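Protein sequence lines, in the order shown, are assigned to chains A and B.
Our numbering numbers the first residue of the first sequence as 106 and each following residue consecutively.
Our numbering numbers the first residue of the second sequence as 17 and each following residue consecutively.
Glycine included, every Cβ here is placed at the ideal spot set by N, Cα and C.
Everything numeric in this text was worked out from a predicted model, so none of it was measured.
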Amino acid sequence: MTNLNEHSASSEAAPSSTDPLVRVSHVSRSLGGQKILDDCSFDVRRGEVVVLVGPSGAGKTTLLRTINHLESHDEGEIYVAGDRVGYRQTSRGRVELSARELARQRRHTGFVFQHFNLFPHMTAVQNVWHTPVHILRENKVEAKDRARALIDRVGLGPKADAHPRNLSGGQQQRVAIARALAMRPKLMLFDEPTSALDPEMVGEVLAVMKDLASSHMTMVIVTHEMGFAREVADRVIVMDQGRIIEEGSPDAVFTAPRNERTASFLAQVR
Amino acid sequence: MKFDWSFFWQSLFTPSPAFLAGFALTIVISIIAMVLAILVGLLVALAARSRWLVLRAGAGIYIWVVRGTPVLVQLVIIYLGLAAAGVFRFEDQYWFGFLIRGAVIAAIVGLTIHESAYISEIIRSGLEAVDRGQSEAAAALSMTPAQAMRWIILPQALRTMVPPFGNEFNSLMKTTSILSIIGVSEMFLVAQSISSVTFKTFEIFIVVALYYLALTTVWTVIQASIERSLNRRIGIPVRSSMGARLWSTLTSVPFRERKATA
């Protein structure tokens, strides 16, 4: 497969290429008196693949969604490519960005959902070119060509004109990845992309993600696929009860966890 | 029983020009009121989902009042009540070279208001039936809420809204018969005047019933074909219409022969 993300490597408006692409700094979020996220901080460098793991209910998905402001946060700050996500600081404290500003901000970030969320009233390839054509106002002919190419690259060329309901889960998720890539994102966020799939379809989706990783796309992935995490991640972050309890290289985390809760979690999933 | 068959057949197959005009008026009023009701209903439904309390409250009150009062009362208030109180009088108008009776305009206004309250509820539940993940995916793809509504939510909601829309139109066509009360010379009123002249009440209203039945039947067929074409657009395998299936069965090569030639 060829380079899936031809644009991410040479991202233009970077403050400095050594700055982290994502900076999550002391982020907390409470819901009904309970801390869903508790003082979470981590950075993601350009081209890095970071995998979030942890028991269910640990807050991995919430943390991932705050990076794209699909979920708000109460305290702390998140920066993507130097821009504050979701809020603006004013003299009277922080103010949430308008819907229009949020939309503009999300142009740099692709998001892949657990349940794919493809648009059922469009064919696979329409799902991919719709946003570039109607929202980003790109040239229609070029956008459609690019969409076909993306569909080809996730291995679904013959299925390009099928509707989502006629595709398997694995195929739908690959279309969803192509759809996110069509926005030329600098960052890709994956929320348990294989959790809703039948076991035999997990591999095809992971293969696409591996390919993406090898082409130096910056990725943050929430997953329960430990083998995949070990193989692809540059760094693994372990969460429990809303906190980041451990962070390190896959080797370090998986073979010699420092935190005992990490150890017990890993023992359970193994 | 007295039944004047010759009068019946004559009224059914060679209706008077007045009757045909009434029939046409029934159709025209129904279509115009339905189209306007969908537009107004969409606005009311969007207002009901608005961020601003004033709009939400306004939409709520509108739906509450309109659905909670009989259409007959609404029509009388709009046409006769407003005029009697000196607030507003629906005058006859010349539009596109046609004389449009004030009562007809009042009828269209009244039916639009009445219908729009129901339509807005259909639209609202149609919008709510679209999976939340769809607006999330749209947001993640950098769409504003308005863009998501335009491109993602409405087109999907439309599919679920078509059957209840069709039913509303069906009942709207029948509801036009009460327009006779404000003097709109649609099919029912024309039939009434025929009946009072000829005293053939049974015959003429059987004819009227058959004409309404024809209208709603034709609409049912149209609605089914709209639904089929929408299904095709979202990739649901389409069962062909009953007529088409019957035709293909009658004209197809018997199964054994087909297999032999294959």
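- When DSSP states are grouped into helix, strand and coil, arginine 170(A) belongs to the helix group.
- One thing to note: glutamine 278(A) has its Cβ no nearer than 8 Å to the Cβ of leucine 294(A).
- Taking the C-beta atoms as reference points, alanine 338(A) is found no nearer than 8 Å to valine 149(A).
- For serine 245(B), no chain A residue has a C-beta closer than 9 Å to its own C-beta; the minimum C-beta separation is roughly 13 Å.
- Within chain A, the residues placing a beta-carbon under 7 Å from that of threonine 160(B) are Ala204, Arg205, Ala208, ordered along the chain.
- For the set Ala53(B), Asn247(B), Phe19(B), the Cα lying nearest the Cα of leucine 127(B) is the one of Ala53(B).
- With a cutoff of 8 Å on beta-carbon distance, leucine 311(A) and threonine 299(A) are scored as near each other.
- With respect to chain A, the C-beta atom of alanine 156(B) has a partner C-beta closer than 8 Å.
- Taking 8 Å as the cut-off, the Cβ atoms of glutamate 351(A) and proline 362(A) count as close.
- The C-alpha of valine 237(B) is placed about 44 Å away from the C-alpha of arginine 258(A).
- One thing to note: glutamate 297(A) has its Cβ within 8 Å of the Cβ of histidine 329(A).
- Beta-bridge annotation (DSSP): methionine 324(A) is paired with Val154(A), Met293(A).
- Under the Cβ criterion of 8 Å, asparagine 244(A) is not counted among the residues facing chain B.
- DSSP places glutamine 219(A) in the coil class of the three-state scheme, outside both helix and strand.
- Within chain B, no residue has its beta carbon less than 8 Å from that of histidine 178(A); the closest one is some 16 Å off.
- Between aspartate 179(A) and histidine 235(A), the alpha-carbon positions lie close to 34 Å from each other.
- Using a Cβ-Cβ cut-off of 8 Å, leucine 175(A) counts as an interface residue toward chain B, since at least one Cβ of chain B sits closer than that to its own.
- Between the segment 190-204 of chain B and the segment 165-174 of chain B there are fewer than three inter-stretch CB-CB distances shorter than 8 Å, so the stretches are not counted as touching.
- Across the structure, leucine 169(A) and arginine 175(B) are spaced so that their CA atoms are roughly 33 Å apart.
- Proximity of glycine 149(B) to chain A, defined by a Cβ-Cβ separation below 8 Å, is satisfied.
- With fewer than 16 other Cβ atoms inside 10 Å of its own Cβ, histidine 131(A) counts as exposed.
- For isoleucine 116(B), the enclosing beta strand (DSSP E) covers residues 114-116.
- Straight across, the Cα-Cα distance linking alanine 267(A) with phenylalanine 181(B) is about 29 Å.
- Counted as a single uninterrupted DSSP element, the beta strand (DSSP E) harbouring serine 133(A) occupies residues 127-136.
- Secondary structure note for tyrosine 78(B): it is in no beta strand (DSSP E), and the uninterrupted alpha helix (DSSP H) holding it is 69-83.
- Glutamine 346(A) and glutamine 239(B) have their C-alpha atoms spaced approximately 53 Å apart.
- C-alpha of alanine 40(B) to C-alpha of alanine 225(B): approximately 15 Å in a straight line.
- In this structure the segment 205-212 of chain B does not touch the segment 59-69 of chain B; the number of beta carbon pairs closer than 8 Å is below three.
- The C-beta of alanine 100(B) has fewer than 16 other C-beta atoms within 10 Å across all chains shown, which makes the residue exposed.
- For isoleucine 349(A), there is no enclosing alpha helix (DSSP H); the enclosing beta strand (DSSP E) has its first and last residue at 348-353.
- Using a CB distance cut-off of 8 Å, proline 225(A) counts as an interface residue toward chain B.
- For valine 230(A), the CB contacts under 8 Å within the same chain, skipping 5 residues up- and downstream, are Lys249, Ala252, Arg253, Ile256, Ala265, Asp266 in chain order.
- Around the beta-carbon of glycine 137(A), fewer than 16 other beta-carbon atoms lie within 10 Å, marking it exposed.
- Within the segment 245-303 of chain A, complete beta strand (DSSP E) segments of at least 3 residues are found at 292-296, given in chain order.
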